[in-house]
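Here the structure is laid out as structure tokens; the discussion comes afterwards.
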Amino acid sequence: MRFRGNKQFASAVGLVLGLLCAVEAAKVNKHKPWIETTYHGIVTENDDKVLLDPPLIALDKDAPLRYAESFEVTLTEEGEICGFRIHGQNVPFEAVVLDKSTGEGVIRAKDKLDCELQKEHTFTIQAYDCGEGPDGANMKKSHKATVHIQVNDINEYSPVFKEKTYKATVIEGKKYDSILKVEAVDADCSFQFSQICNYEIVTPDVPFTIDKDGFIKNTEKLSYGKEHMYKLTVTAYDCGKNRASEDVLVKISVKPTCKPSWQGFNKRIEYEPGTGSLALFPSVHLETCDEPITSIRATIELETNHIGKGCDRDTYSEKSLHKLCGASSGSVELLPAPSSSANWTVGLPTDNGHDSDQVFEFNGTQAIKVPDGLVSTSLKEPFTISVWMRHGPGAHEKETILCKSDKTDMNRHHYSLYVHNCRLIFLLRQDPSEAENYKPAEFHWKLDQVCDKEWHHYVLNVEFPTVSLFVDGTTFEPFLVTEDYPLHTSKLETQLTIGACWQGGNARMAQFFRGNLAGLIIRSGKLENKKVIDCLYTCKEGLDVQLPEEVASAVKVEFNPNQSSLTIEGDDIDAFDKVMQHISYLNSRQFPTPGIRHLRIATTVKCFNEDACVSVPDAEGYVMVLQPEEPKISLSGIDHFARSAAEFESQEGVTLFPELRIVSTITREVEADTESDAAEGADDDPTVQETVVSEEIMHNLDTCEVSVVGDELNGEHESLEVDKSQLQQRALEMSSSNLGLVINGVNTMANYEQVLHLIRYKNWHTEALFDRKFKLVCSELNGRYISNDFKVEVNVIHTANPVEHANNALVLPNFINPVHHASVDLSGHNLVNAHQASVVPSAATIVIVVCVSFLVFMIILGVFRIRAAHQRTMRDQENGKENEMDWDDSALTITVNPMETYEDQHSSEEEEEEEEESEDGEEEDDITSAESESSEDEEGGEPEDQQGSSRQQQLEWDDSTLTY
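Numbering (this note's numbering), first residue to last: 1 to 964.
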């Protein structure tokens with residue numbers, strides 16, 4: 001602050017004292033107060049006193065020495081300063097006069113000031129004197145002066161960090177100049193107190209440092225193996241040395257050395273049958289280590305070569321598969337699964353499994369002959385040969401797949417399909433014709449597929465002189481066609497063989513095949529169309545992708561024919577990742593082949609220079625197809641019944657399976673309802689977690705076989721039959737032999753039930769037939785799932801017709817009630833003897849037995865008297881054997897026949913009759929027999945007079961209507 005010199009001040013005081021003695025009485029207010037034009041002040045926030053430069057002093061020239069220019073203050077009332085006035089809106093200051101006579105004043109704050117709200121204030125100030133007279137009239141005002149006041153800050157605020165937490169990621173083995181920056185701010189208004197002068201890492205013993213600007217860096221190379229993440233506590237100080245009110249947490253993650261690769265890829269992916277499509281890479285991401293990428297190309301391969309014939313397909317017979325794919329009828333399967341009706345493949349090694357397709361192995365020493373008459377192919381008509389083959393590089397000899405040659409005397413090949421030097425060759429020799437001209441005879445295809453040890457599907461459409469080849473659904477033209485003369489006329493029979501060619505002249509096989517074959521089919525009269533060929537080759541499993549709409553235009557996706565491989569191309573990594581996440585595995589079989597399907601992702605990445613700047617290693621994993629729940633096929637119905645012989649001999653025959661039921665079930669383990677169990681009580685066993693339930697399912701069948709148990713069918717007087725029109729309506733086929741009957745074709749269990757209900761057994765000569773047994777077995781997927789053996793026993797009920805004898809007397813050993821048997825279901829009962837089953841004693845039987853016994857007694861008594869009269873002449877005669885009686889509970893006929901005796905039969909039949917009669921009947925029979933025997937014993941010791949009466953008269957019963 002600036003003041004006048006001391007000498008000047010003393011001089012002014014002297015002048016004032018002089019003025020006090022002035023004698024001038026007149027007082028006039030002529031002058032305005034005077035103040036400085038500009039003032040600068042400083043005030044500290046939270047204080048009200050303002051320090052001004054220069055000080056606030058107002059001067060007035062009204063004084064005793066009125067005109068002395070050096071006088072600044074008068075001692076008169078007119079020269080006093082009465083106040084200061086501040087001009088401006090909402091000015092938080094006021095001006096106060098400290099001394100009116102000297103004009104000294106101060107400026108102070110009305111309230112506490114806040115520098116953070118306003119750092120500077122500017123306003124104007126004006127001084128005024130006290131005026132003339134006691135009422136202060138004619139008051140004078142000074143000019144307006146400008147006042148600039150600066151509010152000084154105090155360090156009232158601490159630093160505050162902008163973020164609650166800081167995160168960063170670093171790669172191991174690298175030393176960074178800066179990993180991340182933390183930043184704090186201070187709310188103070190001044191530069192000194194609002195600036196952050198220092199940062200500090202509070203956490204001890206960490207390999208990081210921080211500078212005054214908040215940049216954190218590592219002091220050594222970090223190791224992912226040592227620490228995955230570091231957590232640091234950092235604080236800050238302002239320039240007033242105030243510490244941050246709250247420290248901040250810094251997380252630094254350490255990543256392994258960046259290697260371009262697929263991240264989030266699960267190596268094992270489990271697929272549960274029947275669940276539809278399964279996403280393979282739901283969380284996958286391509287890590288490119290921040291390289292500038294321009295294009296990405298990835299190929300995803302699903303390896304299924306070890307499953308069946310290259311992938312999972314339906315394992316029905318090849319003939320059934322052709323039908324399912326819409327092929328016309330007439331197909332002949334040359335390599336069927338071994339069975340009673342197709343036994344020529346029994347000796348060939350197979351894969352011994354029913355989970356997938358059954359294939360046959362040829363090791364260079366094996367071949368089979370196809371039965372004569374199975375294939376009737378005329379070379380004048382179009383025909384198709386279809387086969388699955390797996391073949392590797394072999395010797396330079398011919399290897400025959402299929403051959404038709406002379407059976408005897410000569411070695412001519414009529415047609416042949418064989419492999420030679422990785423070429424597929426088809427030989428077709430024409431039959432003799434009028435024109436002996438050269439004609440196409442050999443068609444050559446050079447194919448990599450022939451020797452790559454992989455399964456491939458080959459179809460030859462032969463329509464002479466054109467032969468078309470399809471390999472895995474793709475057409476191939478022959479690169480060479482050679483010509484030859486037609487065959488010479490000959491009456492020799494031919495032999496069709498598989499795996500080699502029969503040399504009729506040498507009576508041996510030659511040109512053996514080494515590899516695997518399956519599904520060999522010949523169809524005559526029509527060529528296979530492309531749609532059927534594609535259907536036969538199509539896999540039931542493969543890859544699939546549903547492109548999201550937002551990325552559909554950013555990438556390009558291509559599949560191979562069997563959907564085991566797909567290729568993706570694009571330039572946007574995010575879009576590329578989304579497409580990869582939507583790739584899925586799908587298996588549409590109800591019972592897929594379980595096992596591993598290997599997965600591989602091969603990736604190529606290019607940068608701006610069009611070179612492969614980033615090397616992404618192949619990602620490998622596998623899909624594990626879990627074992628499907630195996631169905632249990634159950635056959636049930638009536639398994640034991642009897643029918644009359646007449647029904648067996650009728651035109652309709654006897655229905656074998658009238659009430660057959662086919663049911664298939666699967667057994668599953670389900671989790672127990674633990675919540676409900678807990679609610680019931682805590683005493684339940686906690687170890688019981690699962691329960692087994694059986695669930696009925698529906699699926700197809702492809703074979704049902706009815707076989708005879710015991711002796712084979714005699715075609716001269718017995719047969720198994722079924723309505724062929726019903727089979728045709730259901731697209732089923734039937735084959736029969738003396739072993740039984742086989743129904744083939746893929747169809748529902750309900751349709752098979754209906755057809756099996758129609759199977760009838762006929763027998764035209766039932767005299768010696770008492771029972772017949774049959775067995776029924778059904779299967780699915782070419783024998784993969786087989787039902788139980790359902791056995792049926794049917795008994796024959798015989799009925800004898802009455803026969804008239806010349807003497808009107810039929811002698812039988814026993815008395816049996818005539819029974820007319822109807823078609824009665826006797827399921828579950830053992831019919832040991834039909835005669836025994838028909839004899840049931842009753843009250844009427846007992847009465848008849850008593851009456852007959854009495855009558856017999858009277859007759860025997862009469863005979864006794866006659867013999868007594870002639871006893872002298874009959875003593876040397878042999879007495880007859882004792883009489884026997886059998887009872888019939890129907891109309892009883894008694895005939896006396898003195899000419900015959902059935903003593904031997906009588907004794908044997910008596911035992912049989914006694915077993916069937918009731919206890920009462922047995923008692924009566926014993927009494928009667930005793931009486932008869934006693935009578936005869938008495939007669940036995942007396943001689944008879946006449947030779948003609950040497951035999952005893954016996955009683956006989958008319959039982960011509962008895963049932964045997």
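All C-beta atoms, glycine included, are put in the ideal place defined by N, C-alpha and C.
Contact check, Asp177 vs Tyr199, beta carbons under 9 Å: no
3 or more residues per run - each beta strand (DSSP E) lying fully within the region 706 to 777: Counting whole runs of 3 or more residues, the region 706 to 777 contains the beta strand (DSSP E) stretches 718 to 721, 733 to 737, 740 to 748, 760 to 763.
Complete runs of the beta strand (DSSP E) confined to the region 308 to 338 [at least 3 residues]: 331 to 333
DSSP state of Ala95 mapped onto helix, strand, coil: strand
heavy atom of the ligand SAH below 8 Å from Gln590 C-beta: As far as ligands go, the structure on display features none, and thus does not contain the ligand SAH.
Meets three-Cβ-pair contact criterion under 8 Å: the region 330 to 350 and the region 650 to 668: Touching, no.
Cutoff 7 Å; reference Gly505; Cβ partners in own chain excluding five residues on either side: Asp409, Met410, Asn411
Spatially closest choice to Gly173 from Ser253, Ala184, Cys130, by CA coordinates: Ser253
Contact under 9 Å by Cβ, Phe565 with Leu460: The displayed chain sequence assigns Ser, not Phe, to residue 565. No, the Cβ-Cβ distance between Ser565 and Leu460 is not below 9 Å.
Residues near Ala236 in its chain [Cβ-Cβ closer than 6 Å; skip 5 each side]: Pro159, Ala184, Ile196, Tyr199, Ala244
Local conformation of Lys531 per DSSP, three classes: helix
Backbone secondary structure at Arg174 - three-state DSSP: The sequence given here places Lys at residue 174; Arg does not occur at that position. Coil.
Per-residue DSSP class, three states only, for Lys578: Helix at Lys578.
Rounded separation between Ser317 and Gly519 - CA only: 8 Å
Distance between Gly310 and Cys289 (C-alpha atoms, nearest Å): 38 Å
Gly519 in three-state terms, based on DSSP: In the structure shown, Gly519 sits in a strand (DSSP, three-state: E or B).
Residues near Glu227 by beta carbon distance below 7 Å, same chain, minus five either side: The residues are Val254.
Within 9 Å, strictly: CB atoms of Thr748 and Asn700: For the 9 Å CB-CB criterion, Thr748 and Asn700 form a contact.
Candidates Phe193, Thr209, Val557, Val151: closest to Ile179 by CA position: By alpha-carbon distance to Ile179, the top candidate from Phe193, Thr209, Val557, Val151 is Thr209.
Of the listed residues Trp388, Val370, Leu781, nearest to Ala500 (C-alpha basis): Val370
Spatial distance of Asp372 from Glu718 (CA atoms): 26 Å
Assumed close pair Leu720, Val755 - CB separation to whole angstroms, cut-off 8 Å: About 13 Å; that fails the 8 Å criterion.
Euclidean distance between Cα positions of Glu301 and Glu549: 24 Å
Cβ neighbours of Asp534 in the same chain (closer than 7 Å, five flanking residues each side left out): Gly473
Exposed unless 16 or more other CB atoms sit within 10 angstroms - verdict on Cys115: buried
Identity of the residue in Leu781, Leu776, Ile786 nearest Val792 by Cα: Leu776
Contacting residues, own chain, Cβ-Cβ under 7 Å from Ser787 (five flanking each side not counted): Ile633, Ser634, Leu635, Val777, Cys778, Ser779
Stretch-stretch touch, CB-based, cutoff 8 Å, three pairs: the region 613 to 624 with the region 587 to 602: yes
Ala22 to Asp60 span [Cα, whole Å]: With a pLDDT of 45 at Ala22, under the threshold of 50, the predicted position of this residue should be treated as unreliable, though the coordinate-derived value follows. The alpha-carbon atoms of Ala22 and Asp60 are separated by roughly 18 Å.
Inter-residue Cα distance where the pair is Gly103 and Val182: About 56 Å.
Residues of its chain near Thr37, where Cβ-Cβ distance is below 6 Å and the 5 sequence neighbours each way are ignored: Ala145
Of the residues Gln430, Cys403, Lys446, the one placed nearest His420, counting alpha carbons only: Cα-wise, what sits closest to His420 is Lys446.
Option nearest Ser584 by Cα separation, candidates Asn46, Ile86, Ser283: Ser283
Beta-ladder partner(s) of Phe123, from DSSP: Answer is Val147.
Unbroken stretches of the beta strand (DSSP E), 3 residues or longer, contained in the region 355 to 407: 360 to 363, 383 to 390, 399 to 406
Buried or exposed by the 16-neighbour rule on C-beta atoms within 10 Å, applied to Tyr166: In this structure Tyr166 is buried. Its beta-carbon is surrounded by 16 or more other beta-carbon atoms within 10 angstroms.
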